Amino acid sequence: MRKAFALIPVLAAASPAIAVSGFDGNWAISFGQLAMYGVSGEAAFSDGKGSLRFFGGGAASNNNPCLNKRLPAVIKSVTDSEVEIDVDGGKILTGCLTETLILRPGANDSWIGTLSSGYGVTWTRK
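Residue numbers (the working numbering): 4 to 129.
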C-alpha cells in the first residue's frame, strides 16, 4: 500500500508592499555622530522621485563640495518594515553620495538607516 504525502508550501510572512508614493513628502534627515559638526539634511519626494540635500556647518561646509546640492533619489520599494532608496549623487558631481539606502521603522514615526560610510541617519517627516 502506497501512502500519499501532500506537499504544503510554507510561505514566509512578507511585509505588504506599499505604493512608493506612500513615502512622498518632505523629510528632515539627522546624522547621529555628525550632528556636532552641524551636518543635517532634507529629502523631498513626489511620485517616488526626488532629491536629498545635505547641509554642514563649520569645516564640514568648507571641505565637502557635495553639501547643498540636490542629489537625485528614487524610491525603489516601500513596505511597512523597509524603504529602499537609490541615491545617485554622482550624476551631479563625481564623488557625491551614490548608494542604495535602506531605512527601517524607528521611534516616533521616524525611519532609521546607515550609510555605507557607517554614519547613522534618521528621517522624520516634516
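No residue lacks a Cβ here, since even glycine has one placed at the ideal position from N, Cα and C. Keep in mind the model is a prediction, meaning the values are calculated, not measured.
Specify, as a first and last residue, the run of the beta strand (DSSP E) that residue i falls within.
i	result
K129	Segment: none, K129 is in no beta strand (DSSP E) and carries neither H nor E.
T97	Premise fails: T97 is in no beta strand (DSSP E) and is neither H nor E.
P75	L74 to T82
F34	G28 to F34
G53	K52 to F58
G93	Premise fails: G93 is in no beta strand (DSSP E) and is neither H nor E.
Secondary structure at residue i, three-state DSSP: helix, strand or coil?
i	result
G44	strand
G116	strand
G123	strand
P12	Residue placement at P12 cannot be trusted, given a pLDDT of 40 that sits under 50; the coordinates are not used to answer.
Could you tell me if residue i is buried or exposed, where buried requires 16 or more neighbouring beta carbons within 10 angstroms of its beta carbon?
i	result
L106	buried
L118	exposed
V123	The residue asked about is misnamed: residue 123 is Gly in this sequence, not Val. Per the 10 Å Cβ criterion, exposed.
T125	buried
A17	Confidence at A17 is low in this model, with a pLDDT of 47, below 50, so the placement of that residue is unreliable and no value is reported for it.
G116	buried
Determine, using beta carbons only, whether residue i comes closer than 8 Å to chain C.
i	result
S113	In the structure shown, chain C does not exist; there is a single protein chain.
Output the distance between the C-alpha atoms of residue i and residue j, rounded to the nearest integer angstrom.
i	j	result
R73	S54	6 Å
F26	V81	7 Å
V86	K79	8 Å
Quick check: the stretch 93 to 102 against the stretch 34 to 48, are at least 3 beta-carbon pairs closer than 8 Å? no
So, does the stretch 108 to 116 touch the stretch 48 to 56, judging by three or more C-beta pairs under 8 Å? no
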